[in-house]
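In our numbering, the protein residues as written are 1 to 339.
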């Protein structure tokens, strides 16, 4: 009976005799948990390579700058952006035509007006996609931007890139770096100013790509033929809207939707199919070169930043992954030390 009672107690609370000699398992388990914490919080990366996050930040700047340009081509997407926009708006136009034709609440004259505007809008699109309408100044801008990307592709792998700053600019850069806080000092954010020569290379390339991207999207393929047709459509829309009274809510809704559709086409970057071929080739070439130049940065990213990386958004860089929400042991001990 005493043995049975002992066995019952041991079943619930464990047998002290059997637990002897298990200290090493406690040590192994603690080390494993500590190592996992160090690894998945990215503290190992921070300890071994303090500048790794800052360099990844500069790489992220380049990738972010490239993204807006790559978005135009079947690089990240399945088809050209122009093609996708045209398909989408043609579907919208056809959908509106069917909807208007089947509407029992619209008068026939209103239906005819709406369908006429939609047909004119559909016929306006070829003025943006046909090569013969592409004006010389737009061609020149495309060629200039393409040449800048090609030149960047040539210069980027060189040790002399980026070119030396003036003495005043270099002093400003050094002063800004002195004021910059280290990785982990501001939570999840990573210091954005480049701290290494490799980082400076990517940072300078990102600035050039941002400039190219801004100039490209500021350019619109609004040739003479397109402007003639669009102005005619907008004039008809304005004339029709001015004739409506407060009771014609449905008519106001439809003419507003048609105007939005025309505006979307007006704001979109639509070009003839082959007009941007050289630019696409130059972007692909630079993307290949910049990935090759990452070298050890990509290895650090793959091995020391599990389940995430450093991302860029505007002027800031931040951790994106377990390192964002999992406290780093070194930061935790530093905070306790400060307390």
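Beta carbons: idealized from backbone N, C-alpha and C, even for Gly.
Exercise. Compare the beta carbon distance of residue 278 and residue 223 with 8 angstroms and say whether it is the shorter of the two.
Key: Locating residue 278 in the chain shown gives position 278, where the first residue counts as 1. Locating residue 223 in the chain shown gives position 223, where the first residue counts as 1. Against a cut-off of 8 angstroms, the Cβ pair of residue 223 and residue 278 comes out as no contact.
Quiz item: Would you say residue 40 reaches chain D, if we count a Cβ-Cβ gap shorter than 8 angstroms as a contact?
Solution: Going by chain labels, chain D is absent from the structure shown, which holds only one protein chain.
Exercise. Rounded to whole angstroms, what's the CA-CA distance from residue 210 to residue 175? Just pull it up for me.
Key: One-based indexing of the chain shown puts residue 210 at position 210. One-based indexing of the chain shown puts residue 175 at position 175. Taking the straight line joining both Cα atoms gives about 24 angstroms.
Practice problem: Please report how far the alpha carbon of residue 243 lies from the alpha carbon of residue 265, in whole angstroms. | Solution: In the chain shown, residue 243 corresponds to position 243, counting from 1. In the chain shown, residue 265 corresponds to position 265, counting from 1. Distance between residue 243 and residue 265, taken at the CA atoms: about 25 angstroms.
Self-check item: residue 290 to residue 49 span [Cα, whole Å]
Solution: For the purposes of this step, residue 290 is taken as residue 290 along the chain shown, with counting starting at 1. For the purposes of this step, residue 49 is taken as residue 49 along the chain shown, with counting starting at 1. C-alpha separation (whole angstroms): 21 angstroms.
Quiz item: Quick one: is residue 34 buried, meaning 16 or more other Cβ sit within 10 Å of its Cβ, or exposed?
Solution: As a working mapping, residue 34 is identified with position 34 in the chain shown. When all chains shown are included, residue 34 counts as exposed.
Quiz item: Three or more beta-carbon pairs under 8 angstroms between the region 252 to 272 and the region 157 to 168, yes or no?
Solution: no
Self-check item: Segments of 3+ residues assigned as beta strand (DSSP E) that fall wholly inside the region 140 to 185
Solution: The region 140 to 185 is shown to contain no whole beta strand (DSSP E) run of 3 or more residues.
Practice problem: Would you please state the rounded distance, in angstroms, between the beta carbons of residue 340 and residue 127? I believe it to be under 8 angstroms. | Solution: For residue 340 there is no data in the structure shown, the boundaries of the chain being 1 and 339.
Quiz item: With 16 other CB atoms within 10 Å as the buried threshold, where does residue 154 fall?
Solution: Residue numbering aside, residue 154 sits at position 154 when the chain shown is read from its first letter. Counting of Cβ neighbours within 10 angstroms places residue 154 among the exposed residues, the total staying below 16.
Quiz item: Below 8 angstroms, can you find three or more Cβ-Cβ pairs linking the region 90 to 101 to the region 232 to 252?
Solution: no
Quiz item: Helix, strand or coil: which one does DSSP assign to residue 293?
Solution: One-based indexing of the chain shown puts residue 293 at position 293. Correct three-state label for residue 293: helix.
Quiz item: Cβ atoms of residue 42 and residue 329: under 8 angstroms apart, would you say?
Solution: Against the chain shown, residue 329 aligns to sequence position 329. Against the chain shown, residue 42 aligns to sequence position 42. Cβ atoms of residue 329 and residue 42: not closer than 8 angstroms.
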